[in-house]
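In the working numbering, the protein residues as written are 61 to 230.
All residues carry an ideal CB built from backbone N, CA and C; glycine is no exception.
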Amino acid sequence: WRKGFKFSTYATFWIRQSIGRALDQKASLVRLPSDRSASLRAALRANSGDHEALDDEHAWLQRISTPTSLDRSIGDDGDSTLIDLVPDMKDGPEALVMDQSELDFVVGLLDNLDARARQAVEHRFGLRDGEKRSYREVGEELGVTAEAARRLVKRAVNDLREDAERIVAA
């Protein structure tokens, strides 16, 4: 801002930029970098004004900023959809078997601990219900201080580690 110019002349640019960036970040499912969004906005402004053809980059930006249905037909025969191209992220049978064998191994190791240590480890790492607890919460469950719970869990984990190393080495 310089003396002799209206403040609104200076502020309008920055306000417009801030609003544009906020819209870019919140308005679309796909977040584009701010420079690409600015290019897209400029291209759309130019395209709506004089209907000139967009260059390749601006056409690409417009294409990726427009959401499309995964149920849309693709291919010549129209039997396939976009969802058919999305890979299945579920674990395969081998991974499920490995997970189950690891779980069985851990349960076998936990059986070697006394009941109090086992309960402390299960609560601390969420092995029972999937909810991990702090040492303070474990201590409250067992009726001891947080520090005593920490020592109990540490000792139990060391015992589990030694047992696992012994089994793997055998």
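**Request:** List in chain order: all unbroken alpha helix (DSSP H) runs of 4+ residues lying wholly within the segment 133 to 202.
**Result:** Secondary structure within the segment 133 to 202: the alpha helix (DSSP H) runs of 4 or more consecutive residues, fully enclosed, are 153 to 171, 175 to 185, 195 to 202 (chain order).
**Request:** Give every residue of the same chain whose Cβ lies closer than 6 Å to the Cβ of E201, excluding the five residues on either side of it in the sequence, and list them in chain order.
**Result:** Taking the first residue of the sequence shown as position 1, residue 201 is located at position 141. Within the same chain, E201 has close Cβ partners H183.
**Item:** Alpha carbon of A209 to alpha carbon of M149, nearest angstrom
**Value:** The residue given as residue 209 occupies position 149 in the sequence shown. The residue given as residue 149 occupies position 89 in the sequence shown. Taking the straight line joining both Cα atoms gives about 38 Å.
**Asked** Taking the alpha-carbon positions, what's the D159 to G168 distance?
**Response** By one-based count along the sequence shown, residue 159 stands at place 99. By one-based count along the sequence shown, residue 168 stands at place 108. Linking D159 to G168 through their CA atoms gives a straight-line distance of about 14 Å.
**Request:** Along the alpha helix (DSSP H) that carries F65, what are the first and last residues, could you check?
**Result:** Here residue 65 is taken as the residue at index 5 of the sequence shown, counted from 1. F65 -> no alpha helix (DSSP H), and no H or E assigned at all.
**Asked** In whole angstroms, what is the alpha-carbon distance linking Q85 and D139?
**Response** Residue 85 sits at position 25 when you count from the first residue of the sequence shown. Residue 139 sits at position 79 when you count from the first residue of the sequence shown. Whole-angstrom Cα-Cα distance: 35 Å.
**Message:** Please classify S68 as buried or exposed, where buried requires at least 16 neighbouring CB atoms within 10 angstroms.
**Reply:** Within the sequence shown, the letter at position 8 stands for residue 68. The residue is exposed, with fewer than 16 neighbouring Cβ atoms inside 10 Å.
**Request:** Below 8 Å CB to CB, which residues in the same chain sit around T205 once its five sequence neighbours on both sides are set aside?
**Result:** The count along the sequence shown starts at 1 and reaches residue 205 at position 145. Around T205: G199.
**Asked** Just how far apart, CA to CA, sit L173 and P153?
**Response** Walking along the sequence shown from the start, residue 173 turns up at place 113. Walking along the sequence shown from the start, residue 153 turns up at place 93. If you take the alpha carbons of L173 and P153, they lie about 31 Å apart.
**Asked** What separation, rounded to the nearest whole angstrom, lies between the Cα atoms of K192 and V181?
**Response** Walking along the sequence shown from the start, residue 192 turns up at place 132. Walking along the sequence shown from the start, residue 181 turns up at place 121. If you draw a straight line from the Cα of K192 to the Cα of V181, it is about 10 Å long.
**Message:** Spatial neighbours of T128 within its chain, please: C-beta separation below 8 Å, excluding the five flanking residues on both sides.
**Reply:** Looking up residue 128 in the sequence shown gives position 68. Hits under 8 Å: L142.
**Request:** Tell me whether the beta-carbon of L92 lies closer than 8 Å to the beta-carbon of L104.
**Result:** Numbered from its first residue, the sequence shown carries residue 92 at position 32. Numbered from its first residue, the sequence shown carries residue 104 at position 44. Result no, Cβ atoms of L92 and L104 do not sit closer than 8 Å.
**Item:** Residue burial classification, L212 (beta-carbon count within 10 angstroms, cutoff 16)
**Value:** Numbered from 1 along the sequence shown, position 152 holds the residue referred to as residue 212. L212 should be labelled buried.
**Request:** Can you say whether D131 is buried or exposed, counting buried as having 16 or more other CB atoms within 10 angstroms of its CB?
**Result:** For the purposes of this step, residue 131 is taken as residue 71 along the sequence shown, with counting starting at 1. With fewer than 16 Cβ atoms within 10 Å of its Cβ, D131 is classed as exposed.
**Asked** For A71, is the classification buried or exposed, using 16 other Cβ atoms within 10 angstroms of its Cβ as the cut-off for buried?
**Response** Within the sequence shown, the letter at position 11 stands for residue 71. Counting Cβ neighbours within 10 Å, A71 comes out exposed, since fewer than 16 surround it.
**Asked** Any idea what DSSP makes of T126, helix, strand or coil?
**Response** Residue mapping note: residue 126 aligns to position 66 of the sequence shown, counting from 1. Three-state result, T126: coil.
**Prompt:** In chain order, what residues of the same chain lie with their CB nearer than 8 Å to the CB of L285, ignoring the 5 residues before and after it?
**Reply:** Limits of the chain in this structure are 61 at one end and 230 at the other, which puts residue 285 out of reach.
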